[in-house]
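Letter by letter, the sequence shown follows residues 2 to 207 in the numbering used here.
I have placed the structure first, in the form of structure tokens, so that the comments after it can refer back to it.
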Amino acid sequence: MKPIDRKIYLASKSPRRRELLRQIGVEFELLTLRNDTPRGPDVTELVNPGEAAIDYVARVANEKAAFGWNMVQHRRLTLRPVLAADTTVTIDGHILGKPASPAEAMEMLERLSGRTHQVLTAIAVHHTDMQRQITQVSQVRFAKLSPASIKAYCSTPEPYDKAGGYGLQGMAALFVEHIEGSHSGIVGLPLFETAQLLREAGIPLP
2 MKPIDRKIYL ASKSPRRREL LRQIGVEFEL LTLRNDTPRG PDVTELVNPG EAAIDYVARV
62 ANEKAAFGWN MVQHRRLTLR PVLAADTTVT IDGHILGKPA SPAEAMEMLE RLSGRTHQVL
122 TAIAVHHTDM QRQITQVSQV RFAKLSPASI KAYCSTPEPY DKAGGYGLQG MAALFVEHIE
182 GSHSGIVGLP LFETAQLLRE AGIPLP
């Protein structure tokens, strides 16, 4: 009997998503989507004019999964499910991406200070006869942050590769008063929903 292929492709450079997949025992190979090709990034993460956050993350996750699946076919790789994800933070209808400077990171944290914001993570799985996407939304309330704590945090490398300028799995956990939703979703990959889609794609999970 031919053994079941339990591997997937992960179309993401995020080390946090790798750790979360390992946590639930999913084997994967990386598909690297490039940001610096002569024609621009393989998948743009720019927000379209008037685009709502929930539409934005779903679109980007789907585009990443579709690009990854096309790579698999073009390179004639073993056909396995391709998983992609995108996370964004939103407050007052504004999407907060990854800060490009300490000043931008501090501005984001000042906006989040003492308030509740939303973290949206969309996951998408593309396979031979499957194109499925789910978006998980969590509510996160920050304590009131002092200017000194914001400045100290923004002097570390943590804020600059994360939507909203913070990572729950790092020192910013000290800022969080309350969470309603998915801890793993806030970190970058909602495991319940991820397992649901991977089972649909034929990956055996408990």
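Even glycine gets a Cβ: it sits at the ideal position worked out from N, Cα and C.
This one's a predicted model, so the numbers in the text were calculated from it and none came from an experiment.
What residue does the alpha helix (DSSP H) around Q197 start on, and which one ends it? Taking the first residue of the sequence shown as 1, we reach residue 197 at position 196. Taken as a continuous stretch (DSSP letters only), the alpha helix (DSSP H) holding Q197 covers 192-201.
Measuring alpha carbon to alpha carbon, tell me which of E159, S15, A173 ends up nearest V141. Against the sequence shown, residue 141 aligns to sequence position 140. Of E159, S15, A173, the residue nearest in Cα terms is A173.
Quick check: what's the CA-CA separation for M131 versus A202? Along the sequence shown, one-based indexing puts residue 131 at 130. Along the sequence shown, one-based indexing puts residue 202 at 201. So the alpha carbons of these two residues sit roughly 7 Å apart.
Less than 8 Å separating the beta-carbons of I204 and I9? Position 203 of the sequence shown, counted from the start, is the residue given in the question as residue 204. Position 8 of the sequence shown, counted from the start, is the residue given in the question as residue 9. For I204 and I9, yes; Cβs fall inside 8 Å.
Inter-residue Cα distance where the pair is L84 and F68: Indexing the sequence shown from 1 puts residue 84 at position 83. Indexing the sequence shown from 1 puts residue 68 at position 67. Roughly 11 Å separates the two Cα atoms.
My output table needs one value for E178: the three-state DSSP class, helix, strand or coil. By 1-based counting over the sequence shown, the position of residue 178 is 177. Three-state DSSP puts E178 in a strand.
For A115, count the other beta carbons within 10 Å of its own beta carbon; 16 or more makes it buried, fewer makes it exposed. Which is it? Locating residue 115 in the sequence shown gives position 114, counting from the first residue. The displayed chain sequence assigns Gly, not Ala, to residue 115. When all chains shown are included, G115 counts as exposed.
Close-in-space but distant-in-sequence residues of the same chain around L31 (CB under 6 Å, 5 per side omitted): As a first step, residue 31 must be located in the sequence shown, where it is residue number 30. L11, listed in sequence order.
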